[in-house]
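J.:
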Amino acid sequence: MRVLLVGAGGVGTAVTRIAARRDFLTHMTVADYDLSRAESAVAALEEHGDRFSALRLDASDEDAVRRALLDERCDVLLNATDPRFVMPLFRAALAAGTHYLDMAMSLSSPHSTDPYERCGVKLGDEQFELAGEWERSGRLALAGMGVEPGLSDVFARYAADELFDEIEEIGVRDGADLTVEGYDFAPSFSIWTTIEECLNPPVVYEKERGWFTTAPFSEPEVFDFPEGIGPVECVNVEHEEVLLIPRWVDARRVTFKYGLGDDFIAKLKVLHELGLDSTTEVTVPSPGGPVQVSPRDVVAACLPDPATLGDRMTGKTCAGTWVKGVKDGADREVYLYHVVDNQWSMREYGSQAVVWQTAINPVIALELIAGGIWSGSGLVGPEALPPRPFLDLLTAYGSPWGLREEI
627 MRVLLVGAGG
637 VGTAVTRIAA
647 RRDFLTHMTV
657 ADYDLSRAES
667 AVAALEEHGD
677 RFSALRLDAS
687 DEDAVRRALL
697 DERCDVLLNA
707 TDPRFVMPLF
717 RAALAAGTHY
727 LDMAMSLSSP
737 HSTDPYERCG
747 VKLGDEQFEL
757 AGEWERSGRL
767 ALAGMGVEPG
777 LSDVFARYAA
787 DELFDEIEEI
797 GVRDGADLTV
807 EGYDFAPSFS
817 IWTTIEECLN
827 PPVVYEKERG
837 WFTTAPFSEP
847 EVFDFPEGIG
857 PVECVNVEHE
867 EVLLIPRWVD
877 ARRVTFKYGL
887 GDDFIAKLKV
897 LHELGLDSTT
907 EVTVPSPGGP
917 VQVSPRDVVA
927 ACLPDPATLG
937 DRMTGKTCAG
947 TWVKGVKDGA
957 DREVYLYHVV
967 DNQWSMREYG
977 SQAVVWQTAI
987 NPVIALELIA
997 GGIWSGSGLV
1007 GPEALPPRPF
1017 LDLLTAYGSP
1027 WGLREEI
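As numbered in our numbering, residues 627 to 1033 make up the sequence shown, in order.
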């Protein structure tokens, strides 16, 4: 399989390190707007010979991406950029006749008059508008194939197929006990994306009502995470699983809650109150004259790159899917989860836990597609595909998943 990887940040670089150990990969072209980042990722894989190469590429330039896919004779485009670039990359892969994978879907926008009750443009709506074209193309567009969304959706499908006869609720629950030495505020993932998903109105799904929204950070609950992480307060956050899972899995309710912590939430609220979460450019004076900048991009530039925090980070991160329902006439409640210890991921791969946990899942998906185990055409989420081969391969990669009976 020949892959065009667009984005050589923390997750993209972790993708290269994981994929380098797998035989299914014939060649991966690592592309980034900053050529030095792509070259650095490739240089670290010198012992893998000519299976990796670097390319400068602007993810917003749809035609340039299409040409790169054709010139590099790629079978698939793996999108490791932030969600702003989903649509040009999505359309470029469709135009080039290749498969497509991403880890986050096209952006949402709140309802203009009732943002905390009704959905406006939902995550992924722009992509689903092109679902028919993808179906006719005969190519597979696999959306939301990171860890959350991604592995969490695979867990949902597995629960529906093998663990339950009826499902009352599927709730993705994410928590960690990670700390970063020397920083009071150092997000372990892209702050641009974190602001987007945490400050937008969260979406909840109920079978009788459909999709609707609530206020940010609503419905707090304390969830006890496994492997020593312990109790963490989680709140509603906008996330793709709530938009994807109900399309393929029958459940009466679907939610996503994230363990952010009071201090993190307070800082996000301050950013919002100051307008520093905005993506609308403002004019700022400079020695060279006025320049246009996005406040959110300034915030991101002022914070440390999450990919560089691994040596200062300690603790574990947990991604998982809590499911409540009925099996063989009895109530059942389980938590399917995946935990990564930062010390282990740094030692084994040189990548911090959060980006590594995100990156392993699209690599597994690529291997399943290369082997014909996952196949099909059109736009799908991970829950539309057989879960067992994915979970077996996750364990074979040396990072097993767990299942905890709650009752």
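Just so it is clear, CB atoms sit at the ideal spot from N, CA and C, and this is done for glycine as well.
Counting C-beta neighbours from all protein chains within 10 Å, is the total for residue 900 16 or more, i.e. buried, or is it exposed?
T.: exposed
J.: Just how far apart, CA to CA, sit residue 823 and residue 865?
T.: In this model, residue 823 and residue 865 are separated by some 7 Å (Cα to Cα).
J.: Excluding five sequence neighbours on each side, which residues of the same chain lie with their C-beta closer than 7 Å to the C-beta of residue 926?
T.: Cβ within range, chain order: 817 and 818.
J.: Pull up the distance between the alpha-carbon of residue 999 and that of residue 791, whole angstroms please.
T.: 25 Å
J.: Assuming contact is defined by CB atoms lying nearer than 8 Å, are residue 875 and residue 1009 in contact in what I supplied?
T.: Remark: C-beta atoms of residue 875 and residue 1009 approach each other more closely than 8 Å.
J.: Assuming residue 704 contacts residue 631 (C-beta within less than 8 Å), just tell me the rounded distance between them.
T.: 5 Å
J.: Which term fits residue 833, buried or exposed, when burial requires 16 or more other beta carbons within 10 angstroms of its beta carbon?
T.: exposed
J.: Going by C-alpha to C-alpha distance, which of 645, 730, 740 and 694 sits closest to residue 718?
T.: 694
J.: What is the DSSP secondary structure of residue 883, reduced to helix, strand or coil?
T.: strand
J.: Determine the closest residue to residue 638 out of 806, 649, 648 and 655, with distance taken between C-alpha atoms.
T.: 655
J.: Restricting to Cα atoms, I'd like to know which of 903, 962, 983 and 709 is closest to residue 685.
T.: 709
J.: Who are the near neighbours of residue 987 in its chain, counting only those whose CB is closer than 7 Å to its CB and skipping five residues on each side?
T.: 771, 772, 773, 776 and 777
J.: Is there contact here, the segment 639-647 with the segment 666-673, by at least three beta-carbon pairs under 8 Å?
T.: yes
J.: Which whole-angstrom value is the C-beta distance of residue 966 and residue 943, which I expect to be below 8 Å?
T.: 6 Å
J.: What residues in its chain sit with their C-beta under 6 Å from that of residue 979, if we drop five residues either side in the sequence?
T.: 943, 966, 968 and 971
J.: Who pairs with residue 682 in a beta bridge, going by DSSP?
T.: 658
J.: In whole angstroms, give me the CA-to-CA distance for residue 890 and residue 812.
T.: 10 Å
J.: For residue 567, which residues from the same chain have a beta carbon less than 7 Å from its beta carbon, with the 5 sequence-adjacent residues on both sides left out?
T.: Nothing in the structure corresponds to residue 567, since the chain is present only between 627 and 1033.
J.: Quick check: the Cα distance between residue 846 and residue 839, rounded to an integer number of angstroms?
T.: A straight-line Cα-Cα distance of about 15 Å links residue 846 and residue 839.
J.: What does the alpha-carbon distance come out to for the pair residue 973 and residue 955?
T.: 46 Å
J.: Based on Cα-Cα distance, which residue from 877, 836, 700 and 921 lies nearest to residue 787?
T.: Of the candidates 877, 836, 700 and 921, the one whose C-alpha sits nearest the C-alpha of residue 787 is 877.
J.: Take residue 765 and list the residues in its own chain whose beta-carbon comes closer than 8 Å to its own, dropping the five residues that flank it on each side.
T.: 719, 720, 723, 724, 725, 726 and 1003
J.: Cβ of residue 1007 within 8 Å of Cβ of residue 873?
T.: yes
J.: Is DSSP giving residue 748 helix, strand or coil here?
T.: Three-state result, residue 748: coil.
J.: Among 914, 831, 697 and 859, which residue has its Cα nearest to the Cα of residue 600?
T.: The question about residue 600 has no answer here: the residues shown for the chain are numbered 627 through 1033.
J.: Since I believe residue 996 is in contact with residue 650 (beta carbons under 8 Å), could you give me their beta-carbon distance rounded to a whole number of angstroms?
T.: 4 Å
J.: Taking all protein chains shown into account, decide if residue 918 is buried (16 or more other Cβ within 10 angstroms of its Cβ) or exposed.
T.: exposed
J.: For the beta strand (DSSP E) that contains residue 958, what are its first and last residues?
T.: It spans 956-967 - the beta strand (DSSP E) in which residue 958 sits, taken as one unbroken run.
J.: Of all Cβ atoms in chain C, is any one closer than 8 Å to the Cβ of residue 729?
T.: Given the protein chain composition of this structure (a single chain), no chain C is represented.
J.: Starting from residue 909, trace the beta strand (DSSP E) in both directions and tell me its first and last residue.
T.: 908-910
J.: Which residues bound the beta strand (DSSP E) around residue 799?
T.: 792-802
J.: When DSSP labels each residue in this structure, what does residue 837 get in the three-state scheme?
T.: strand
J.: Any idea what DSSP makes of residue 858, helix, strand or coil?
T.: strand
J.: Does the Cβ of residue 780 have 16 or more other Cβ atoms within 10 Å, making it buried, or fewer, making it exposed?
T.: buried
J.: Give the range of the beta strand (DSSP E) segment to which residue 693 is assigned.
T.: Per DSSP, residue 693 belongs to no beta strand (DSSP E); it is in the alpha helix (DSSP H), 688-697.
J.: With DSSP as the reference, label residue 767 as helix, strand or coil.
T.: strand
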